[in-house]
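Chains as they are written, first to last, in my numbering: chain S, 933 to 1303; chain A, 933 to 1303. Think of the CB as a built atom: it goes at the ideal place given N, C-alpha and C, for glycine as much as any other residue. Since the structure comes first, as C-alpha cells, the remarks are kept for the end.
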C-alpha cells in the first residue's frame, strides 16, 4: 500500500485526467475502477513486462464482474508498426469487444504509444488507461496524448492525439528496470529542468544519487514534477503549434544520433543526453549561457551515467543532413530549441549558422578524443 | 462549365465545410484552390478511376506552384485494409510530405474512407478533400466524417472521425458509372426519403426515370437533397449516440445479406434495397405503416432496379444470428430502425419479437417464390 501517493490532474477540459504516482499503486483497484465504466477490458502488454506485472494488473479487476482479456505483443521498438498493431484489433474482435470497451497499456513507451493509438482508432475510438512501467514512459508519455506507430521510412509518422482516462504510476515497477534504461529516463527529467524548471534542475543536482538508487520518495518527486512541467506546456499548446516544441530540447540533435547509429544502438534518453549538451554548447556560443552553466549541465548529465558526446563516426555533414529531415524542420530549414538560461528554453530558426557548424565540428572532435 | 452549381455547407463549428454539386466541377480549379493552402498535395485514386479522371484532377492544380504527387491503390472492398492503407503513407514519406500537406480522395466510397483515414492519422492528422465519383459515395460519405478500413473479422472496425475541408461532386463523373452501381446509389437516396424526407420520396416517385437516365439536373437535385438530409442528422449527433443511428434504416437487414452472401456478391445498395423492404414490412406488421405505403416502397425500389427480396438461401435463423453481431447491436440485442410513416423513422430495441420472426420467415418464403 502506498503511504504517500501524489496525484496531479492534466487539465484539458472535458478530456482532463488524473495521474496517480506512488509506491505500490498496482495493488490499488480503488484508484483504477473509478475510471473504468467499461464491462470489457483488454490489457495489452509485451513479452518482457507481462511475466513481471500482468497478474497484478489483472488482479486490479478481480471480482469486478468485468470481462478481462489480454494481448501480449513482441517487445521492442522494431515491433512498433501497423502489422503488430493489428494484433490488438484481432484480439479485440475475437473477444467480440464493442465500442464501449476499454484498453489498458501495461509497459513502456512503445506499449503506451501503440495501445493509445489502437484505442484511438478501434471502432473509431474507445477509452484507455496507461500503466507505464519504465521511467521514460512515466515522465514522457504520461502526458501529451501523442500515440502512434512507426513507418519504415520514419518514426511516429502514423498516429493520433488521444488522451487516456487515467495514468497509474507505481514506482515499484522501476525496481525491475535495467540501470541503462533508468538513466535514459533520467535524461528526460533533466530536460524538464533545463527547459522550464531551474528548481527541478537544482533538486536533481542535490538528489541524483538517490534517484539512481531508486529511492521511492525521490522517484515520486521527480516523476510528479516532470509530469507537471510537461502538463503545463501541453495545456498551453495541445496540438504542438509552438510552445510544445520546447519539449524537443536535445531531440533534434538526439534524433540524428539515433538515426545515424540505427535505432536501438543508442537508447533515446542517451541520445537526448548528448543532444542536450550540444544544444547547451551552441547556446553558449551564441552568448546565452555561461561556461559555468555548461559545466553544471555536463556534471549532472554524466552523474546520470549518460553520454556527453555523440558517437564520433557521425560527421558534421551527416548530422546536418539528418537534422534537416527532422519532423520539426520547416521546409528543410533546421529549427532548434536552445537555452537562454538553465531553466529557460526557446525555439528558433533564426540563429548564427556558424554556431551550429562550430558545435557539430567541435563536438565531433571532442567525441573522437573520448575514444 | 457548370451553369447551375449547388452548394451546401455542413455545419460543424470550426470543422464546417462546403459541398459543391454540379456538372463539370472537375474543371473548376477556383472552387478547389480556395480550400488548399497546402504546398504539397497527394491525389489518391484507384486503378479504375485514375485512368478516367486523374489527369483532370491533377489539372485542378496546374500552375498553382504546388507539388502534386499521386498514389494509385488497387480497386475494391477487398483492398480496404491496413496493409493497402500503408501504401499511402509510403507514398507520402517517399515524397517527403510534411504535416501541412493535403490529401485528395478521388474515387468511390472505399477510396474516400481510406484516404480520409490516412489523412486522420498521417503525422497525427492532415487535411483532405473529397472528390467522390460514384453516386453512393456522393450521397453517403460526403457527409459524416466517418473514415476507416476493414479488419478480416469485421467491416469498418478500424477508423476515425475526420472531416474533409471540401467535397467536390461533379455529376459528369456518373456518366462512366455502371448501371448496377448507379442503382445501388439510388437505394441510399430512397433511404433518406423514407427516414426523414417524405417530399424527397415523392420527388423520386415523379423523377426516377430521369435519375436513372443520369439527367444532370435530376442528379444534382437528388444528391444535394440527400447530403442536406444527412447533414441535418449528423449535425444533431456527430459521434453517433442516437439520432445518427436512423441512417441505418435497412442496414441491419442489409448487412446480414452482405455477410451471408460474402462481400461483393450483392452491392451494398442492393442489400439496403431489400433491407428497407424488410424494415418496411415489419413496420407494417407492427401497425405503423399501411399496405398502401408498403406498395409505394416496393414500387419505387423496383423502379430503381433494386431487389425487393433477400437471397432465399439465407434462412431466418442465419439472419437473426448475423443481425445480433451487427455493430449497432447492444450486447447481442438487435436494435432496429423502423418506419412510423414514409418520411419518419425511429430506432428501437423494444418491439414485438414475433414481428421480426414473421418478417424473416415470410420474406424468405417470398424470396423463394421469386426464383
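*Give a yes or no on whether 9 Å exceeds the smallest Cβ distance from residue 1265/S to chain A.*
no
| According to the neighbour-count rule (16 or more other Cβ atoms, all chains shown, within 10 Å of its Cβ), is residue 1161/S buried or exposed? | buried
Cα separation between residue 1074/S and residue 1149/S?
-> 19 Å
Subject >> Length of the line joining the Cα atoms of residue 1000/S and residue 1015/A >> reply: 29 Å
Only counting the same chain, and skipping five residues up and downstream in sequence, which positions put a Cβ closer than 8 Å to that of residue 1017/A?
1046, 1049, 1050 and 1081
Taking 8 Å as the cut-off, does the stretch 1098-1105 of chain S touch the stretch 952-972 of chain S (at least 3 CB pairs, one atom from each stretch)? yes
Check your understanding: Going by other Cβ atoms of all chains shown within 10 Å of its Cβ, with 16 needed for buried, is residue 1083/S buried or exposed?
Key -> buried
Requested in this report: Using beta-carbon positions only, say whether residue 1092/S and residue 1052/S come within less than 9 Å of one another.
Outcome: yes
Spatial neighbours of residue 1289/A in its chain, beta-carbon cut-off 6 Å, leaving aside the 5 residues before and after = none
Legend entry - Contact set between residue 1018/A and chain S, taken where Cβ atoms lie within less than 7 Å: 1014
Next item on the list: Label residue 1158/A either buried or exposed according to how many other C-beta atoms from any shown protein chain fall within 10 Å of its C-beta, with 16 as the threshold for buried.
Entry: buried
| Residues of its chain near residue 1294/A, where Cβ-Cβ distance is below 8 Å and the 5 sequence neighbours each way are ignored | 1213
Problem set entry | Enclosing beta strand (DSSP E) for residue 1153/S [first to last residue] | Here residue 1153/S belongs to no beta strand (DSSP E); instead the alpha helix (DSSP H) covers 1148-1168.
| What is the DSSP secondary structure of residue 1018/S, counted as helix, strand or coil? | helix
Quiz item: Touch check for the stretch 1025-1033 of chain A and the stretch 1016-1030 of chain S: three-plus C-beta pairs under 8 Å?
Solution: no
Review point. When the Cα atoms are used, what is the spatial distance from residue 1114/S to residue 1198/A?
Key: 57 Å
In chain order, each alpha helix (DSSP H) run of at least 4 residues that lies wholly inside the stretch 1040-1093 of chain A: 1041-1053 and 1067-1071
ask   = Under a Cβ-count criterion, where at least 16 other Cβ atoms within 10 Å of its own Cβ denotes burial, should residue 1282/S be classed as buried or exposed?
value = exposed
* Give the residues of chain S in contact with residue 1080/A, contact being defined as C-beta atoms less than 7 Å apart. => 1056
Note to self: Here's a check: name, in chain order, each residue in its chain whose Cβ is nearer than 6 Å to the Cβ of residue 933/A, leaving out the five neighbours to either side.
What the structure shows: Low confidence applies to residue 933/A: its pLDDT is 41, below 50, so where it sits in the model is not reliable enough to give any reading.
* Any C-beta of chain S under 9 Å from that of residue 1010/A -> no
Would you identify the three-state DSSP class for residue 1310/A, choosing helix, strand or coil?
Since the first residue shown for chain A is 933 and the last is 1303, residue 1310/A is missing from the structure and cannot be characterised.
* With 9 Å set as the bound, which would you pick, yes or no: does the beta-carbon of residue 1166/A sit closer than that to a beta-carbon of chain S? -> no
**Message:** Tell me the rounded alpha-carbon separation between residue 949/S and residue 1096/S.
**Reply:** 7 Å
For residue 1038/S, the residue or residues it bridges with in DSSP:
1063/S
Starting from residue 1226/A, trace the alpha helix (DSSP H) both ways and give me its first and last residue.
1223-1235
Those residues which DSSP pairs with residue 1003/S across a bridge: 976/S
Show which residues of chain A have a CB atom less than 7 Å away from the CB atom of residue 944/S. The contacting residues do not exist; residue 944/S stays about 16 Å from chain A at best.
Query raised in the report: By Cβ distance below 7 Å, which residues in the same chain neighbour residue 1166/A in space, the five residues on each side in sequence not counted?
Result: 1075, 1076 and 1176
Burial state of residue 1137/A (16 or more Cβ within 10 Å) = exposed
By alpha-carbon positions, which one of 1094/A, 978/A, 1193/A and 971/A ends up nearest to residue 946/A? 1094/A
Chain A residues whose Cβ lies nearer than 9 Å to that of residue 1029/S | Per Cβ cutoff of 9 Å: no residues; residue 1029/S is ~10 Å from chain A at best.
Practice prompt. Could you tell me whether any Cβ in chain A is nearer than 9 Å to the Cβ of residue 1022/S?
Written response: yes
- Query: How about residue 1185/A: is its C-beta nearer than 9 Å to some C-beta of chain S?
  - Reply: no
Requested in this report: Express the C-alpha separation of residue 1209/A and residue 1010/A in angstroms, rounding to a whole number.
Outcome: 28 Å
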